[in-house]
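>
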Amino acid sequence: MEKIRAILQYEPTTSGLRNPLRGNVQPEADACKAERAPFSGVTASWTALLKYMTMADDQNLGIGSGLVEIAALTALIGGSTAESLALGTRGACGLPWAAMSCFGSMFTLKACVSACTPAWLRETIGVRTKGSDNAVGYGRRLDKKANGRRMTGEAMGVMVEWSKDKGTPKSQDCDAFEEVYAFDEWTAGPLRSCTVLEPGQHLQAHCYMRDPQWAPVHRFQIKADWFYTFLSLAKFVEMFLLYYYGSHHIYWITGLTWAYFFVSATILQLISLGRASHSSLQSKCIDIVQGKLPNPQVIGGERKVLFDVPTNHRKSRLWSTIWAMGSVICGCSLVATYAQLSKEPVVCFHIWLAFQVLWLSLRSIFFHFARRTDDMERIITPAVTGKQRPSQLSLRLLGLSVAISKHQVLNHPRGAYSYKEDADDPTIIRDYLARGDFEFLDHLQLAHDATPGSTVKLSIVCVIGDTLLSSVAWLMGSPLTGMDLYDCCILVLRSSDKTLLVPACRVLSGRVDYGNLDPELTVPSSFLPKGVSNDGTDISWRYWIPCGGDKWAYYSTPWAMPAKQGQGIVGEKEMQVTCGDRITEELMTGKLLVSFTSVKDVEGAVAQSAAAARILKNMLLDTTIDSSGY
C-alpha cells in the first residue's frame, strides 16, 4: 500500500499544480483495505500490475516502460465478470457497470460481437462463447434459408413463437419456428423442472407460470435496477479528475463506452426491456420441445414439452442493435485508450490506473449482489391437465409437430427440395382437416364406371407428408417411427365441393444412369432400400390412393429438378385407375427404383398412414393430453 500511496501523491515537477488528492489518500487506502479481503483476486491483479509497471520520466510514459504488459493484463483481469454483465445477466443496469473499468474490456467487446452476430455465423468467426449461448441461445430459424446456414453440433430441441392477443395466442399468428442447438438460460431453467418423457411414453406437457409473489418482487427489482444504473454516474469523478490534472484526451475516451451503455440501459429500462416484464406487456410467447429429436433414419429419444414461455427480452432487435453499436464503440475506445495513455501526463496515467482498480472492485461487488435476470425464483411449471391447460392447445401441439417436421426435412435423405410442397403451416393444416370434419376415409369412393385403365380428375389441395406424421407420432408418444411412416401421407382432396381426407401411399422414384456408377463402390439394384439419397435431378413422386376393393388411383409428378422448380404435387390431377395386380406387375419391373415389390407393400404403407391419421385426429380434438396412451 505504500507504493499505491506514493503513486497517488506523485506530483509532476512541470505541472505547477498542487495535487488535491493528497489529503484524501488515507481514506482511499482504508477503503482498499476493506475491500481487499472478499476480493483477493482484485488485490492479486493490482500487485501484478505494480510488478509490471515501471516509473517513467517526469512527463513521458513509453511503451517500453510497462504499458504493453499492463495492456495484456487488463485484457484478462475481470474478464468473465465484464462479459457476463455486458450480456445482460444482471439486467440492463449491468451494461454501464461492464464498461466502468477498462480491465476486461476485451471480453466486453467479444461479448457484444458474439451476442449481435447471427448464431450460424458465430462459430465461423470464432466469437461463440458459453456466455453468449446462455444469454441468447444458439439456433437457427427453420425457414427457406435454413439449409444454407450450417450449425455445429446436434439440435437439442425446437421452439415455436406465437403472437398473443390480450394475453392469449392468436390462432392465425404462428410467427417463427426455430431449431435450437443450445438453449439460453432463460428457457433452460424452466425446462429443467419439466418431466422427462421416455420414447413411447404418453405426452405429459408443462406450462410456464409465475407465482403471485413475482409481481411485487419484480417491482422492487425495477427500482433497484434504476438505483444501480444511476450509481454508475460516479464515473464522472474519474473523468473530472483526469481533466483537472491536464489530460488531453483520455478523460473523455475512458468514459465513452460507459456513457453509451448508460444511455442504452436507460432506454431499455424505460421501455421495460431491461429484464423480464409483466406478461400483459408481452406480445409473444414460445412453446418448446427439448430432447433427442427424431430423424427419418434415427428414432427419437427422450423429450420435454413446455408451453407459454415468455420471449427472452435480450433477443429483441433493440438489444441486438445496442450490442452491435457497442462493439464498435468499445473497440474504438479500447484502441484509443492505449494509444493515448503514453501521451498523457504521468499523473493522469496514475489516476486512470487507480480508478480502473476501484471500478473493478465495485463492479465485482455489483455482480455479486445484483439479481440475475434468468433467476428461476418464483417461476413454476405445473403439468398440463384437462382443467389447467394453455389456450389453443391442439393448434400449438400441431405447431410443435410442424417445427419437428421442418427439422426432419433439413436432415432427410430425400433432400429438403423434395418436400417443398408439403403442408407446413399449422393453421392451414388444421383448417383443412376441420373442413373434412377430421374424418379420415378408408378409401376414396369413385364413380361406378371407373374401371382399371380409365382416368379420373381430382383436385389435390394439401399433402400432409411423412415427416409431419412421424413428428406427431413421436411427440404424442406413439411407437411409430420415421422409417415406419417413410412412404406414408395424407391427401386432402376437393371433390364436389367437399373436402376429403384420405390416407395414402407415396414413393420417390428416380432414374439412375448405370454407366456413371463405379462398380467397385456401388452394387447396381432396381430395388433401392428406404433411406437412399438422390442428387435432386430426375426424381418424381408416385402417389397411390385406395379406392375400395381392388381399385387404386395413382398419379406421378413430372420428372423434375425440384431445387429449381416445383414438382406439381398439388392442383388439378388426372389420375389413372388401376388394380392390385397391375401395381405388383409395375413394381416387379424395378423401373421406379424403390423398395416396394408388390401391392402388399403399398397396402402396408396405407395402413400406417391411417394409424398416423388417428394419432393426428386425437391430438387435434384434445382427447389425448391427459389420457393413458395408445
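Those letters in the sequence shown? Residues 114 to 743, per this note's numbering, in order. Beta carbons: idealized from backbone N, C-alpha and C, even for Gly.
(1) Looking only at its chain, what residues have a beta carbon closer than 8 Å to the beta carbon of T702, apart from the 5 residues adjacent to it on each side?
(2) Label R305 either buried or exposed according to how many other C-beta atoms from any shown protein chain fall within 10 Å of its C-beta, with 16 as the threshold for buried.
(3) Within a Cβ cutoff of 7 Å, which residues of the same chain sit near V240, ignoring the five residues on either side of it in sequence?
(4) Using a threshold of 8 Å, state whether the C-beta atoms of G270 and F296 are closer than that.
(5) Mind listing, in chain order, the continuous alpha helix (DSSP H) runs of no fewer than 4 residues lying wholly within the segment 313-347?
(6) Is the CB of C692 under 8 Å away from at least one CB in chain D?
(7) For A730, I'd like the list of residues in its chain whose CB is within less than 6 Å of its CB, leaving aside the five on either flank, ordered along the chain.
(8) Is the CB-CB distance between L200 and G244 below 8 Å?
(9) Since A318 and E292 are thought to touch, with beta carbons under 8 Å apart, how far apart are those beta carbons, to the nearest angstrom?
(10) Of the residues W299, M322, V690, I190, which one's Cα is nearest the Cα of P495?
(11) How is the alpha helix (DSSP H) around G684 delimited, first residue to last?
(12) Where are the alpha helix (DSSP H) runs, 4 residues long or more, that stay fully inside the segment 193-277, in chain order?
(13) Find out if the Cβ-Cβ distance for the pair V402, L588 is shorter than 8 Å.
(14) Ordered along the chain, which non-local residues of its own chain (more than five positions away) have a Cβ less than 7 Å from that of L614?
(15) Tell me the rounded alpha-carbon separation between T540 and C287.
(16) So the alpha helix (DSSP H) W665 belongs to, where does it begin and stop?
(17) Taking the alpha-carbon positions, what's the L706 to V683 distance?
(18) Based on the DSSP output, what are the partners of R619 in its beta bridges?
(19) Considering only their Cβ atoms, is the gap separating G661 from G556 smaller than 8 Å?
(20) For A617, tell me which candidate among L582, K257, S608 has the shortest Cα-Cα distance.
(21) Can you list, in chain order, the residues of its chain with a C-beta nearer than 6 Å to that of A205? Leave out the 5 residues immediately preceding and following it.
(22) Can the beta-carbon of L511 be found closer than 8 Å to that of M732?
(23) Can you give me the start and stop residues for the beta strand (DSSP E) that T568 sits inside?
(24) Terminal residues of the continuous alpha helix (DSSP H) containing G512?
(25) The alpha helix (DSSP H) with G368 in it runs from where to where?
(26) Which of the three DSSP states is assigned to I190 in this structure?
(27) Using a Cβ-Cβ cutoff of less than 8 Å, which residues in the same chain neighbour Q558 once the five nearest sequence positions on both sides are dropped?
(28) May I ask you to report which of helix, strand or coil DSSP gives L588?
(29) Secondary structure at A295, three-state DSSP: helix, strand or coil?
(30) For T691 and N247, what's the separation of their Cα atoms in angstroms?
(31) Buried or exposed, going by whether 16 or more other CB atoms sit within 10 Å of the CB of L571?
(32) To the nearest angstrom, report how far apart C307 and E196 are at their CA atoms.
(33) Hey, is the segment 336-347 in contact with the segment 438-452, meaning 3+ C-beta pairs nearer than 8 Å?
(34) Ends of the alpha helix (DSSP H) at D421?
(35) Could you say if the segment 361-374 and the segment 206-217 meet the contact criterion of at least three C-beta pairs nearer than 8 Å?
(36) Any idea if G566 is buried or exposed, counting beta-carbon neighbours within 10 angstroms, 16 or more meaning buried?
Considering the structure as presented:
(1) S639
(2) exposed
(3) K223, V226, S227, T230
(4) A contact, by the Cβ cut-off of 8 Å.
(5) 327-344
(6) In the structure shown, chain D does not exist; there is a single protein chain.
(7) Reading off the sequence shown, one finds Lys at residue 730, where the question assumed Ala. If we look at K730 and ignore the five residues flanking it on each side, its Cβ neighbours are F551.
(8) Cβ atoms of L200 and G244: closer than 8 Å.
(9) About 20 Å separates the CB atoms of A318 and E292; that is not less than 8 Å, and the two are not in contact.
(10) M322
(11) Segment 684-692 is the beta strand (DSSP E) holding G684; no alpha helix (DSSP H) there.
(12) Qualifying alpha helix (DSSP H) stretches, in chain order: 207-211, 218-229, 232-238, 243-249.
(13) yes
(14) L546, G549, E552, F553, L554, I603, V605
(15) 8 Å
(16) Element bounds for W665: not the alpha helix (DSSP H) but the beta strand (DSSP E), 664-669.
(17) Cα atoms of L706 and V683: separation of roughly 23 Å, rounded to the nearest angstrom.
(18) Y656
(19) The question names Gly, but residue 556 in the sequence shown is His. Yes, these two residues count as a Cβ contact at 8 Å.
(20) Of the candidates L582, K257, S608, the one whose C-alpha sits nearest the C-alpha of A617 is L582.
(21) A378, L381, Q382, G387
(22) yes
(23) 568-577
(24) 506-523
(25) Looking at the DSSP string, the run of the alpha helix (DSSP H) that includes G368 is 363-383.
(26) coil
(27) The beta carbon of Q558 is closer than 8 Å to those of C660, G661 in its chain, skipping five residues each way along the sequence.
(28) helix
(29) strand
(30) 58 Å
(31) buried
(32) The straight-line gap from Cα to Cα measures roughly 30 Å.
(33) No, they do not touch.
(34) Unbroken run through D421 is the beta strand (DSSP E), 416-423; no alpha helix (DSSP H).
(35) yes
(36) exposed
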